[in-house]
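So the structure is just underneath, and the comments pick up after that.
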Amino acid sequence: MANTSAHADHHDDHDHKPEGFLDRWLFTTNHKDIGTLYLIFAFTMVIIGAAMSVVIRTELASPGLQHVQPYFFNQMTTLHALVMIFGAVMPAFVGLANWMIPLQIGAPDMALPRMNNWSFWIMPFAFTMLLGTLFMPGGGPAGGWTMYPPLALQGGASVAFMVFAIHMMGISSIMGAINIIATILNMRAPGVDLLKMPLFTWSWLITAFLLIAVMPVLAGAVTMLLTDKFFGTSFFNAAGGGDPVMYQHIFWFFGHPEVYIMILPAFGIVSEIIPTFSRKPLFGYQAMVYAVASIAFLSFIVWAHHMFTVGMPLGGELFFMYATMLIAIPTGVKIFNWVSTMWQGSISFETPMLWAIGFVVLFAIGGFSGIMLALVPADFQYHDTYFVVAHFHYVLVTGALFSIIAAIYYWWPKWTGRMINETWGKVHFWWTMVFVNLTFFPQHFLGLAGMPRRIPDYNVAFADWNLISSIGAFGMFVTPWMMIAIFAMSKKQGAIAPQRPWEGAHGLEWEVPSPAPHHTFTNPPVIKPGMLAHGDVTH
Amino acid sequence: MRNIGKWGLGAGLTAGWAVAFAAAPERVPWQLNMHPGVTQSSHDAYDLHMLALWICVGIGLIVFGAMFYAMFAFRKSKGAVPATWSHNTIAETIWTVVPILLLVAMAWPATKVLINEAYTNESQMTVKITGYQWKWGYDYVNWGDKAYHVHFISRLDEKSDRTRQLRSGLNPGDVKDAQGENTYLIDVDKPLVLPTNTKVRFVVTGDDVIHSWWVPALGWKSDAIPGIINDTWTNISEPGIYRGQCAELCGQDHGFMPIVVKAVPPEDFKKWLDEQEAAQNPPAPAAAPVAQQGVPSMPSNG
Amino acid sequence: MSDATAHANPGVYYVPHGTKWPIVGSFGLLFTLGGAAFWLNEHAAGPMVMALGVAIILFMVFGWFGTVIRESVAGVYNKQVDTSFRMGMMWFIFSEVMFFAAFFGALFYARALSVPWIGGEGDGALTNFFLWKGYAPAWPTNGPESIGGAFETIPAWGVPLLNTLILLSSGVTITIAHHALRAGKRKPLMIFLGLTILLGCTFLWYQAHEYMEAYKELNLTLGSGVYGSTFFMLTGFHGLHVTLGTIMLIVIWLRCARGHFDRDHHFGFEAVAWYWHFVDVVWLGLFLFVYVL
Ligand code: HEA
Ligand code: HEA
Ligand code: CUA
Ligand SMILES: [Cu+2]
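Residue numbers (the working numbering), protein chains in the order written: chain A, 1 to 539; chain B, 1001 to 1302; chain C, 2001 to 2293.
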């Protein structure tokens, strides 16, 4: 793929990276560099978000207020969630999409490379604005990440900044999603049919659709917050004919698909890793695709399961309960298919596989508590307790984040041309495994025993499990640093990675050298039998 | 079928657990499970919770069991040779149908319970609950067909309040009630007094922001939304003190607006209520029957 | 097939190398929105910062689009790139549809649920009895507390109807212009595109007039309870989109005047036409649900 320069205006050759730092990182249109930027950004945000969770868990380590004022505590929970969701998990997935989708479908780059740069470079500015509120008089937003009015409107100066920061994140996400859809639909190499695409690409196609459908709704919801606060509108004010609950409907119409935005790419990643290390084709490829699609569809009609206690009419409660429970079916199909993929395989346990297995088990546990939450009369008890907190950390931390970590371990050799130290990779995994469960499993007990969420202090009966949970959180805070060390070590002295570092790996990304050259597939690859992960060219 | 044994074990454990917790106080250190509470709703919620829990545990055992078996039996290091199949229609049908059945097994009782809980009619008294930042207001609207005008505010007890100040130096462990139970952050100056064995309807609203009224022993929570009324009901079977907390983030002192219900036999309650009425409304207002006052009766939960 | 020039390699997807515009745009966004936030919080510097931000964004738009137009005219985009642009525009419009959906959702929720409930219908009997006694549900309404004071509404069959006709005919004129472009007829293209712009401006003029009347004579404001909120947010965002669309039309007109498009290579034109149709359809929804019903 040497000399295929598109036109004469551009002097730099295709296979060479731009020389200057600014040219390389600030002005880049290269999907790999932009992917790297996203991942670095997400990593930074993980550390900020985790630091906030350490503040939370430090205050909660024992009863009584020892360290922070309640109002600051609320700022920490609110920003912890916003940072983790919008700053860490979503950008990390977009980063992976940037790196891998063009490689998986044989495209030279993303479809709209300049816009790709902008999608990324909005994010640091948005978070500057959001986190900047912490240093303003009145502090940051403290109404919870769900920003329910009227409480959210009581926040001082931070409200406007938070709303605008969310607008910016929305613009970024929508542009990123448009790019991904255009890339997948328009840039596949000849022979890469839709139903032969790797599942990671598939799951992102569907995720991108969700993003375009719901990020604008969130933008609408926070815009109404803004006008209710500053321009005298009455959307969420009953005295003027509105209703505070209306906000919750609009927010969760975004919010529920949003949680699947954070898990569908994870499903894709795990569906790549498990077949590779089981050395066996993915069980039920098409069923997996349809399962992702039906989860995405269902995600639009279950939103009010977050609102069972707001006083919906009976019919509404029942509808949302049934619809929510249905999601267990396609999700179950995925879990069973992963297990079947392993069945009669030839399994080895390299680090990425460990994370993927950890994902399957712990995500399923999070899913089980989700089904329990969906039972309305039981949710009357669970709602707004630590049982919910336990549920969503299982799906988000041991779900979404585990998959991100798995993906980084899996594709790292392709990115850098280096292997990591397996021993340390395993230490990282087992360490996380112990502490993450120490952190979040006891929260089930706390919730069942009656501890509400979003409180900075609690009754003495809750003290023991809280202490355990805090110890777990401190242990968790070690993991990002461990990860930095492992990858720094690999870059410096890791073994040289071959083109296909994992024996069982299939797909176009393994057909290019490691590290992947700056430009790949400048000319569409010719697909030969056996090159694709699913289905064959002749098929 | 090996599963039979597992289910039997599960059922046994459930029963054992239920018995063990029925008598225990509501909040205990190292507590693992939900308390079954003192109303039909709380029992229903508890039963549903245990049903779902055991179904999930069962599925988990099968799924994770299969997975761990695969991890041991089909490892490369033991020389496993990978198969090449990637379909099995029978298996796929089974694992679509069986979960559906299990979901129905959970949804069915949930629906029945929910319909029952939505039925707020035929209540014998009405209490209006209002959430304020950061205290609760209670109004006794009627009892039987007599209207009342008893109102009071209930807020965090003074001892907890002093202890909970940042770096107060006071020990939360020292905040105890007469029985020696720790009441830190779950005690109030004036509890909500309610009669036992009476269907009490609550109309719940918020004054400033959204709060949520929750006493776990009663089995539900209801959001207190400004400008909107939610109605629910309870019928407490045993006299006692039941404690809860605000369950919707409502600002800086969200963690410090507990709820205490003191359930007493109806006779005692009647006496207490009349005393309050007399004390708060000295000239004894004409007690218009509620029917005329027009507390509307509604078919379902609003 | 694209009419590739000597510069382009038609087999290869055009991947630009480096661009400074996005980072400029990010600064623009930061200053615009940050400035607006300071302004809302009554900070003296707010308006200035915001103005600076808007200026930066304009600079970015000119620079970025200028580059793209130059590349397009030079023929470096092949058919596949064109498809990417089309998909980009389509999905962008879809995201806009969902943005409006949020506000339509608010309107439907208020009309179908919150107002009747507050007024005691259906599940709201107790709400009405305890909190809003005497309030009867109605639409339009500014709620039980008459937030914003008594107001009157704008009758559907006056200016709004006229505006509907204006926008509908603008949809026709732009289609005629498009046909003319495809037939390679410059003159009708310029005339009908110009007409579309005029119709857009007329719409905006009437809309502005209507707002003035609402504020000055009908006491119908953004603060008129939930009716005023939904009315002005929906029509306001729509008006904003018409304004944007009109500006885009003007740009396209100027580009046509410079001979930019040809019969089968005119994505820019079509993108604007799609956008214009989208704005048109949203208006039909508005006319029906905000004015007529
Ligand atoms: C990645 C994120 C993610 C994911 C994937 C999920 C998945 C699910 N969630 Fe969760 N959820 C959140 C993130 C997520 N959630 C968050 C962040 C909140 C709180 C928000 C807030 O208030 O701040 C929340 C809250 C939340 C609530 C509201 C609780 C409350 O506030 O009272 C409910 C209620 O129904 C719920 C349900 C579910 C269900 C049914 C699933 C299902 O998708 C799970 C399906 C999976 C399985 C069931 C396991 C595998 C299946 C099988 C092995 C098949 C057989 C199984 C059965 C038959 C049971 N979630
Ligand atoms: C993705 C989302 C996410 C993540 C990762 C986390 C991570 C953690 N969270 Fe949570 N949290 C939320 C989302 C998340 N959280 C949400 C939505 C809420 C609700 C807020 C609200 O009520 O409004 C919440 C609330 C919440 C509470 C309840 C607060 C309250 O109700 O008062 C607590 C308390 O313990 C808590 C603790 C923790 C801890 C200890 C971690 C630890 O796991 C953190 C430890 C560190 C890591 C997990 C990093 C590991 C990752 C890597 C090493 C690699 C990453 C690499 C790349 C990204 C490239 N969080
Ligand atoms: Cu009141 Cu929380
Ligand atoms: Cu949800």
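Every residue, glycine too, gets a C-beta built ideally from N, C-alpha and C. Quick caveat, the model's predicted, so the values are computed rather than measured.
Exercise for the section: State yes or no: is the C-beta of V302(A) nearer than 7 angstroms to some heavy atom of ligand 4? Expected result: Position 302 of the first sequence, counted from the start, is the residue given in the question as residue 302(A). V302(A) Cβ: within cutoff of ligand 4.
Handout entry: Minimum Cβ-Cβ distance from H256(A) to chain B less than 8 angstroms
Key = Taking the first residue of the first sequence as position 1, residue 256(A) is located at position 256. H256(A) does not count as touching chain B.
Problem - chain A contact for P2047(C) (CB, 8 angstroms cutoff) - result: Counting from one through the third sequence, the residue named residue 2047(C) turns up at place 47. No, P2047(C) lies away from the interface with chain A (no Cβ there is under 8 angstroms from its Cβ).
Exercise for the section: May I ask whether a heavy atom of ligand 1 can be found less than 7 angstroms away from the beta carbon of V2279(C)? Expected result: If you number the third sequence from 1, residue 2279(C) lands on position 279. No; taking the cut-off as 7 angstroms, the Cβ of V2279(C) has no heavy atom of ligand 1 nearer than that.
Problem - Contained alpha helix (DSSP H) runs [length at least 4] in the region 1159 to 1216 of chain B, N- to C-terminal order - result: none
Exercise for the section: Could you spell out where the beta strand (DSSP E) holding T423(A) opens and where it closes? Expected result: Here residue 423(A) refers to the residue found at position 423 of the first sequence. Counting along the chain, T423(A) falls outside any beta strand (DSSP E), though it belongs to the alpha helix (DSSP H) covering E422 to A449.
Handout entry: Rounded straight-line distance, which links the Cα of L218(A) to that of G255(A)
Key = Your numbering for residue 255(A) matches position 255 in the first sequence. Your numbering for residue 218(A) matches position 218 in the first sequence. Their backbone Cα atoms lie some 8 angstroms apart in a straight line.
Handout entry: As assigned by DSSP and simplified to three states, the class of A1080(B)
Key = Within the second sequence, residue 1080(B) is the residue found at index 80, counting from 1. The answer is coil: DSSP assigns A1080(B) none of H, G, I, E or B.
Exercise for the section: Could you check the C-alpha separation between K2079(C) and P2016(C) for me, to the nearest Å? Expected result: By one-based count along the third sequence, residue 2079(C) stands at place 79. By one-based count along the third sequence, residue 2016(C) stands at place 16. Roughly 16 angstroms between the two C-alpha positions.
Problem - DSSP-derived helix/strand/coil call for A1023(B) - result: For the purposes of this step, residue 1023(B) is taken as residue 23 along the second sequence, with counting starting at 1. For A1023(B), the predicted model reports a pLDDT of 43, less than 50, meaning its position is unreliable and no value from the coordinates is stated.
Handout entry: Residues near P216(A) by beta carbon distance below 8 angstroms, same chain, minus five either side
Key = For the purposes of this step, residue 216(A) is taken as residue 216 along the first sequence, with counting starting at 1. For P216(A), where only same-chain residues beyond five positions count, the Cβ hits under 8 angstroms are G170 and I174.
Practice task
Drop a sphere of 10 angstroms on the beta-carbon of S1077(B), count the other beta-carbons inside from all chains shown, and report buried for 16 or more, exposed for fewer.
Solution key: Here residue 1077(B) refers to the residue found at position 77 when the second sequence is read from its first residue. That one is exposed.
Practice task
Specify, as a first and last residue, the run of the alpha helix (DSSP H) that P257(A) falls within.
Solution key: To locate residue 257(A), count along the first sequence from 1; it is residue 257. Its alpha helix (DSSP H) spans residues P244 to I261.
Exercise for the section: State yes or no: is the C-beta of L1249(B) nearer than 7 angstroms to some heavy atom of ligand 3? Expected result: Here residue 1249(B) corresponds to residue number 249 of the second sequence, with the count starting at 1. True, at least one ligand heavy atom lies under 7 angstroms from that Cβ.
Exercise for the section: Check whether the Cβ of W1214(B) sits closer than 7 angstroms to any heavy atom of ligand 3, and report yes or no. Expected result: By one-based count along the second sequence, residue 1214(B) stands at place 214. Incorrect: W1214(B) has no Cβ contact closer than 7 angstroms to ligand 3.
Problem - Cβ-heavy atom distance, F2289(C) to ligand 1, below 7 angstroms - result: Against the third sequence, residue 2289(C) aligns to sequence position 289. For ligand 1, not one heavy atom lies less than 7 angstroms from the Cβ of F2289(C).
Handout entry: CB-CB length for E1277(B) against V1150(B), believed under 8 angstroms
Key = Looking up residue 1277(B) in the second sequence gives position 277. Looking up residue 1150(B) in the second sequence gives position 150. Correct: roughly 6 angstroms between the Cβ atoms.
Practice task
Could you please tell me which residues of the region 432 to 459 of chain A, in chain order, have their CB closer than 7 angstroms to any CB of chain C?
Solution key: none
Practice task
Check whether the Cβ of T324(A) sits closer than 7 angstroms to any heavy atom of ligand 1, and report yes or no.
Solution key: As a working note, residue 324(A) is residue 324 in the first sequence. Yes, the beta carbon of T324(A) sits closer than 7 angstroms to at least one heavy atom of ligand 1.
Handout entry: Near-chain B residues of the region 2196 to 2219 of chain C (beta-carbon distance less than 8 angstroms), N- to C-terminal order
Key = none
Problem - Short CB-CB distance (under 8 angstroms) between M100(A) and chain C - result: Taking the first sequence and counting its residues from 1, one reaches residue 100(A) at position 100. No - not a single Cβ of chain C is within 8 angstroms of the one on M100(A).
Practice task
Please indicate yes or no: does the CB of W411(A) lie closer than 7 angstroms to some heavy atom of ligand 2?
Solution key: The sequence position of residue 411(A) within the first sequence is 411, counting from 1. Answer for W411(A): no, Cβ out of range of ligand 2.
Handout entry: Endpoints, alpha helix (DSSP H) assigned at P1036(B)
Key = Here residue 1036(B) corresponds to residue number 36 of the second sequence, with the count starting at 1. Run containing P1036(B): none; DSSP gives neither H nor E here.
Exercise for the section: Can you give me, in chain order, the residues of the region 508 to 524 of chain A that have a beta carbon less than 7 angstroms from any beta carbon in chain B? Expected result: none
Exercise for the section: For the region 437 to 456 of chain A and the region 511 to 525 of chain A, state whether three or more C-beta atom pairs, one from each stretch, are separated by less than 8 angstroms. Expected result: no
Exercise for the section: Spell out whether any CB of chain B is found under 8 angstroms from the CB atom of T2141(C). Expected result: Stepping through the third sequence from its first residue, residue 2141(C) is reached at position 141. So no, T2141(C) is outside the interface.
Practice task
Indicate the three-state DSSP secondary structure (helix, strand or coil) for A2138(C) in the structure shown.
Solution key: Position 138 of the third sequence, counting from 1, holds the residue named residue 2138(C). Three-state DSSP puts A2138(C) in coil, outside helix and strand.
Practice task
Work out the CA separation of V46(A) and P524(A) for me, nearest whole Å.
Solution key: Here residue 524(A) corresponds to residue number 524 of the first sequence, with the count starting at 1. Here residue 46(A) corresponds to residue number 46 of the first sequence, with the count starting at 1. Distance between the alpha carbons of P524(A) and V46(A): 36 angstroms.
Handout entry: 8 angstroms Cβ cutoff, D33(A) in contact with chain B
Key = The residue you call residue 33(A) lines up with position 33 of the first sequence. No, D33(A) does not count as interfacial toward chain B.
Exercise for the section: Find the nearest neighbour of G472(A) within the set W431(A), A485(A), P452(A) and L446(A), judged by alpha-carbon distance. Expected result: Taking the first sequence and counting its residues from 1, one reaches residue 472(A) at position 472. With distances taken between Cα atoms, G472(A) lies closest to W431(A).
Problem - Span separating the alpha-carbon of E2071(C) from that of Y2014(C) - result: Start at 1 with the first residue of the third sequence, and residue 2071(C) comes out as number 71. Start at 1 with the first residue of the third sequence, and residue 2014(C) comes out as number 14. Taking the straight line joining both Cα atoms gives about 10 angstroms.
Practice task
Please confirm if T2243(C) has its CB atom under 8 angstroms from at least one CB of chain A.
Solution key: In the third sequence, the residue the question calls residue 2243(C) occupies position 243. Judged by the 8 angstroms Cβ criterion, T2243(C) is not in contact with chain A.
Handout entry: R188(A) beta carbon less than 8 angstroms from that of A107(A)
Key = Looking up residue 107(A) in the first sequence gives position 107. Looking up residue 188(A) in the first sequence gives position 188. In this structure, R188(A) lies closer than 8 angstroms to A107(A) by Cβ.
Practice task
Name the one or two DSSP bridge partners that N1230(B) has.
Solution key: Locating residue 1230(B) in the second sequence gives position 230, counting from the first residue. According to DSSP, which records beta bridges pairwise, N1230(B) is partnered with V1204(B).
Exercise for the section: May I ask you to check if the CB of M115(A) is nearer than 7 angstroms to at least one heavy atom of ligand 1? Expected result: The sequence position of residue 115(A) within the first sequence is 115, counting from 1. No; taking the cut-off as 7 angstroms, the Cβ of M115(A) has no heavy atom of ligand 1 nearer than that.
Exercise for the section: Note down, in chain order, all residues in the region 1189 to 1211 of chain B with a beta-carbon under 8 angstroms from any beta-carbon belonging to chain C. Expected result: V1203 and T1205
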